[in-house]
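Just below is one structure, and these are the notes that go with it.
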Amino acid sequence: MNKFKSAFVAGLLVAASSLPSHAETKIEVLHHWVSESEVAALNVIRNALAEKGFGWQDSAVGGMSGANAQQALRTRLAAGNPPAAMQFLGYEGLDWASEGVLRNMNDMATANGWQKAIAPQVLPFVESNDGFFAVPINMHRQNWVWANKKVFDKVGIEQPQSWEDLIADGKKLKEAGIIPLAIGDEPWQIQVVFDSLVADIGGPEFYKKAMVDLDDDALSSDTMKHIFDTLREVRGLVDDGFNGRDWAVATGMVINGQAAMQVMGDWAKGEFLAKGLKPDTDFLCFATPSKTPSFLFLIDSFGMFYINDENVTKGQDALAQVIMDPKVQRDFNKIKGSIPARSDVSVDDFDACAQKGFKERTEAINDGAMLGAATHGFASQPQFAAVFGDVAARFFVTEMSSDEAVEMLVDGIDNAR
Amino acid sequence: MFRNTHLTDRLAKWLPRLVLTPSMVMVLVGVYLFMVWTGWISLSSSRMVPHYDFVGLEQYIRLWSTPRWHTAVINLFLFSFLFLAITVGTGLIIAILLDQNIRAEGALRAVYLYPMSLSFIVTGTAWKWILNPDLGIEKVVRSLGWESFVFDWITRPNFAIYTIVIAAVWQSSGFAMAIFLAGLRGIDNSVIKAAQIEGASLPKIYRSIIIPMLRPAFLSVIVLLSYIAIKNFDLVLAMTNGGPGSATEVPSTFMFSATFRRNQMGVGAASAIMMLMTVAAIIIPYLYSELKESRHAD
Numbered sequence: 001m002n003k004f005k006s007a008f009v010a011g012l013l014v015a016a017s018s019l020p021s022h023a024e025t026k027i028e029v030l031h032h033w034v035s036e037s038e039v040a041a042l043n044v045i046r047n048a049l050a051e052k053g054f055g056w057q058d059s060a061v062g063g064m065s066g067a068n069a070q071q072a073l074r075t076r077l078a079a080g081n082p083p084a085a086m087q088f089l090g091y092e093g094l095d096w097a098s099e100g101v102l103r104n105m106n107d108m109a110t111a112n113g114w115q116k117a118i119a120p121q122v123l124p125f126v127e128s129n130d131g132f133f134a135v136p137i138n139m140h141r142q143n144w145v146w147a148n149k150k151v152f153d154k155v156g157i158e159q160p161q162s163w164e165d166l167i168a169d170g171k172k173l174k175e176a177g178i179i180p181l182a183i184g185d186e187p188w189q190i191q192v193v194f195d196s197l198v199a200d201i202g203g204p205e206f207y208k209k210a211m212v213d214l215d216d217d218a219l220s221s222d223t224m225k226h227i228f229d230t231l232r233e234v235r236g237l238v239d240d241g242f243n244g245r246d247w248a249v250a251t252g253m254v255i256n257g258q259a260a261m262q263v264m265g266d267w268a269k270g271e272f273l274a275k276g277l278k279p280d281t282d283f284l285c286f287a288t289p290s291k292t293p294s295f296l297f298l299i300d301s302f303g304m305f306y307i308n309d310e311n312v313t314k315g316q317d318a319l320a321q322v323i324m325d326p327k328v329q330r331d332f333n334k335i336k337g338s339i340p341a342r343s344d345v346s347v348d349d350f351d352a353c354a355q356k357g358f359k360e361r362t363e364a365i366n367d368g369a370m371l372g373a374a375t376h377g378f379a380s381q382p383q384f385a386a387v388f389g390d391v392a393a394r395f396f397v398t399e400m401s402s403d404e405a406v407e408m409l410v411d412g413i414d415n416a417r
Numbered sequence: 001m002f003r004n005t006h007l008t009d010r011l012a013k014w015l016p017r018l019v020l021t022p023s024m025v026m027v028l029v030g031v032y033l034f035m036v037w038t039g040w041i042s043l044s045s046s047r048m049v050p051h052y053d054f055v056g057l058e059q060y061i062r063l064w065s066t067p068r069w070h071t072a073v074i075n076l077f078l079f080s081f082l083f084l085a086i087t088v089g090t091g092l093i094i095a096i097l098l099d100q101n102i103r104a105e106g107a108l109r110a111v112y113l114y115p116m117s118l119s120f121i122v123t124g125t126a127w128k129w130i131l132n133p134d135l136g137i138e139k140v141v142r143s144l145g146w147e148s149f150v151f152d153w154i155t156r157p158n159f160a161i162y163t164i165v166i167a168a169v170w171q172s173s174g175f176a177m178a179i180f181l182a183g184l185r186g187i188d189n190s191v192i193k194a195a196q197i198e199g200a201s202l203p204k205i206y207r208s209i210i211i212p213m214l215r216p217a218f219l220s221v222i223v224l225l226s227y228i229a230i231k232n233f234d235l236v237l238a239m240t241n242g243g244p245g246s247a248t249e250v251p252s253t254f255m256f257s258a259t260f261r262r263n264q265m266g267v268g269a270a271s272a273i274m275m276l277m278t279v280a281a282i283i284i285p286y287l288y289s290e291l292k293e294s295r296h297a298d
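Residue numbers (the UniProt record's numbering), protein chains in the order written: chain A, 1 to 417; chain B, 1 to 298.
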């Protein structure tokens, strides 16, 4: 009887352990992509992962530009139950890697030549001294101007070559009863303009000094004051109803011709394309005007957490391979509206704006003008990046002088150190 | 027989404690333990995840040299004071007016109470549109012919906090009314009759007899409203998201952004402790005096 029982139990155990084949192993991915195009783009990864025999367990936590998902992650880590993979923006991945909770993917990176496929400016966000801790899927450019071509034609203006031009065009647009610049009052939306101004007016070297090195001299320089003065003039291009306006609502104002331009990352393109509008005929996309054009980038990457389960580890490896697969990057980014994080993927059949962005990225890499977007945490750690946002947003909505703004900036950065 | 009574006696003595124990333990762990934990974190160098080291008051110094925190503290006092004063005032007035044996009182009561059933997120979003100068009140009044009418407080950093007071008062006045109305109904009619026979006018009766008798109702309303005022987070988030330019920042939104968006968990914990201290400094003396008063009354 006893013998029979133990044999029975052993049989059960064998059956149970052989049951979860690869098809049953689900890889839980925590991310904050919840919009329609984002979900559609994720399906590309999901399907490619399924082909490798792993399931995708979706843990989407939307809202607050990823802050809610970050909060969820902290809770999960504190409970000792991290997800298999997590989407990171900016320094998040690096910070978690230094906490020692992310898997090292060096072997895979070396075997597949990932280091060479990624622009050197992007590497710090996926690789530290300890190795490769995340895989980048896409790249957005932040310093775009999106413009309504019909409005431009009607008022008789062309793509501005400098911020002075752009501000002068604003006057013409106002006379024609059109809001020159659509924006919301959320700090990050104002910061998107501010980042562009720093790179366009100060140039790439100044940008690095001020936003990356947080150099006090650069922060309090006359150049910085001039940047704030220009921001003040940009404020004059905006209507009064901008409080609480979502970026997509602002994009809608450009689409329906109520406003002429918006400074926004290339996720705004999705809104134009969704309305069936065509680049160059219905709307224009061009880099924020400057003599020293730059490419302010942000990437989304995925890091894999240590989980003591061999099947999950295999699944994580498969997921990393899938994300770095050139074909997946192509298909994903075509839907998402961004460009592949890999620099060696062809973008032939992408839309005109993406092709333009891809070409200008190559130039920027050569010119040393490929810079991390401060707004989304690719220039400095969040506690510093937020200070820039605070000051720019406060300056934008108050009557503060540029001297005061610079002082507030220097104090704020010092205080956050 | 003897043993039995003994047991019942013992049970009667221990039952209240037994029943209370689980909730006591839950409160101890869920509230007080986490208060202590937050206090500890505020003395550590925690940034992204908790680190259990000790850096002294560094995070508090950092907190108090952050201009956004100053804005948040000023806003908390401004908001709490105005919100409490206006809500108690309007709530009391509505309750007194409703108390005049008017027709359809039940329906009116429901109308006044209804805003309370909405979440602050809904209230905030609705008021965000109502106050938007390009969409709401300003536009409506202008389209009616008053071209120079201006009501753009929500876009002006110095006035935006008052728009939050407006929305919060709108939400909570009905609730204050309900409590005052219950208090008014609890007052013995014979006292009022006696005063009327003495020849006192109605306003005088209210001022010197009825309102002083509403003291317990005032206590409930003030305690509950101040708790709403201090935890105010969703309303600010929905209406202005702390803007324009961090002008409507309150301590709770500051704490959230420091902890979860800026990797400054230590500063966030320090701000939480400051909030706790503020609440304690206001509520404890008030509760103490009120409770002492009622013991005397007994």
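For every residue, glycine included, the Cβ atom is placed at its ideal position computed from N, Cα and C.
Query, Result
"For B/Phe149, report the span of its alpha helix (DSSP H) as first-last.", "Here B/Phe149 belongs to no alpha helix (DSSP H), and DSSP marks it neither H nor E."
"Residues in the same chain with beta-carbon distance under 7 angstroms from A/Ala369, minus the five sequence neighbours each way, listed in chain order, please.", "Pro204, Thr292, Pro293, Ser294 and Phe295"
"Determine which residues of the segment 386-399 of chain A have a Cβ less than 8 angstroms from any Cβ of chain B, and write them out in chain order.", "Ala386, Asp390, Ala393, Arg394, Phe395, Phe396, Val397 and Thr398"
"A/Asn112 and A/Gly131 look like a contact to me (Cβ under 8 angstroms); what is the Cβ gap, rounded to whole Å?", "Between A/Gly131 and A/Asn112 the Cβ distance is about 14 angstroms, and since that is not below 8 angstroms, they are no contact."
"Do B/Thr163 and B/Trp170 have their beta-carbon atoms positioned less than 8 angstroms apart in this structure?", "no"
"Name the residue from A/Ala385, A/Ala416 and A/Asn68 whose alpha carbon lies nearest to the alpha carbon of B/Gly266.", "A/Ala416"
"Hey, does B/Met48 have any beta-carbon neighbour from chain A nearer than 8 angstroms?", "yes"
"List the residues of chain B whose Cβ lies closer than 8 angstroms to the Cβ of A/Pro382, in chain order.", "Arg261, Arg262 and Asn263"
"Taking Cβ positions only, does A/Glu99 come closer than 8 angstroms to chain B?", "yes"
"Taking Cβ positions only, does A/Val81 come closer than 8 angstroms to chain B?", "A small fix is needed here, since residue 81 of chain A is Asn in this sequence, not Val. No, A/Asn81 lies away from the interface with chain B (no Cβ there is under 8 angstroms from its Cβ)."
"A/Met86: which of A/Asp58, A/Asn106, A/Asp107 and A/Met108 sits nearest, CA to CA?", "A/Asp58"
"Look up A/Asn243 in the DSSP assignment and give the residues it is bridged to.", "DSSP lists no partner for A/Asn243."
"Pull out every residue of the segment 241-274 of chain A whose Cβ sits closer than 8 angstroms to any Cβ of chain E, in chain order.", "Included in the structure are the protein chains A and B, with no chain E among them."
"Starting from A/Leu219, follow the alpha helix (DSSP H) in both directions and report where the run begins and ends.", "Asp216 to Leu219"
"Using 8 angstroms as the Cβ pair cut-off and three pairs as the minimum, do the segment 168-178 of chain A and the segment 246-262 of chain A touch?", "yes"
"From the DSSP secondary-structure annotation, give me the bridge partner or partners of A/Pro279.", "A/Phe283"
"For A/Arg394, which residues in the same chain have their Cβ closer than 7 angstroms to its Cβ, ignoring the five residues on either side in sequence?", "Met400"
"Report yes if the C-beta distance between B/Gly183 and B/Pro216 is below 8 angstroms; otherwise report no.", "yes"
"Suppose you measure from the CA of B/Thr248 to the CA of B/Thr8; what does that come to, to the nearest Å?", "59 angstroms"
"Anything in chain B within Cβ reach of A/Gln71, meaning under 7 angstroms, just list it in chain order.", "Phe260"
"By Cβ distance, which residues of its chain are closer than 6 angstroms to A/Ser21, with the 5 residues on each side in sequence left out?", "Low confidence applies here, because A/Ser21 scores a pLDDT of 48, under 50, leaving its location unreliable and the question unanswered by this model."
"Could you tell me the alpha carbon to alpha carbon distance between B/Asn132 and A/Ile167, rounded to whole angstroms?", "26 angstroms"
"Following the continuous alpha helix (DSSP H) through A/His226, name the residue where it begins and the one where it ends.", "Asp222 to Arg235"
"Going along chain A, which residues have a C-beta under 8 angstroms from B/Asn132?", "Gly241, Asn243 and Gly244"
"Could you check how far apart the C-beta atoms of A/Asp95 and B/Asn263 are, in whole angstroms? I think they sit under 8 angstroms.", "7 angstroms"
"Could you round the C-beta distance between residue 419 of chain A and A/Ala374 to whole angstroms and report it? I think they count as a contact, below 8 angstroms.", "The shown model of chain A, from 1 to 417, leaves out residue 419 of chain A, and the question about it has no answer."
"Would A/Asn415 pass as an interface residue toward chain B - the criterion being a Cβ-Cβ separation below 8 angstroms?", "yes"
"Distance, Cα to Cα, A/Gly270 vs B/Met177?", "49 angstroms"
"When you compare the CB positions of A/Ala84 and A/Phe305, do they come within less than 8 angstroms of one another, or not?", "yes"
"Using a 10 Å radius around the Cβ and a threshold of 16 neighbouring Cβ atoms, would you call B/Ile284 buried or exposed?", "exposed"
"What does B/Leu135 reach in chain A if we use C-beta pairs closer than 7 angstroms?", "Gly241"
"Looking at the secondary structure, which residues open and close the beta strand (DSSP E) in which A/Met370 lies?", "Met370 to Gly372"
"Please list the segments of the alpha helix (DSSP H) lying wholly inside the segment 188-231 of chain B, counting only runs of 4 or more residues, in order along the chain.", "189-198, 202-205 and 215-231"
"Name the DSSP beta bridge partners of A/Phe297, please?", "A/Arg141 and A/Gly372"
"Could you work out which residue in B/Gly268, B/Val279 and B/Trp146 is closest to B/Val49 when comparing CA atoms only?", "B/Gly268"
"Starting from A/Glu127, follow its DSSP beta bridges and name the residues at the other end.", "A/Phe132"
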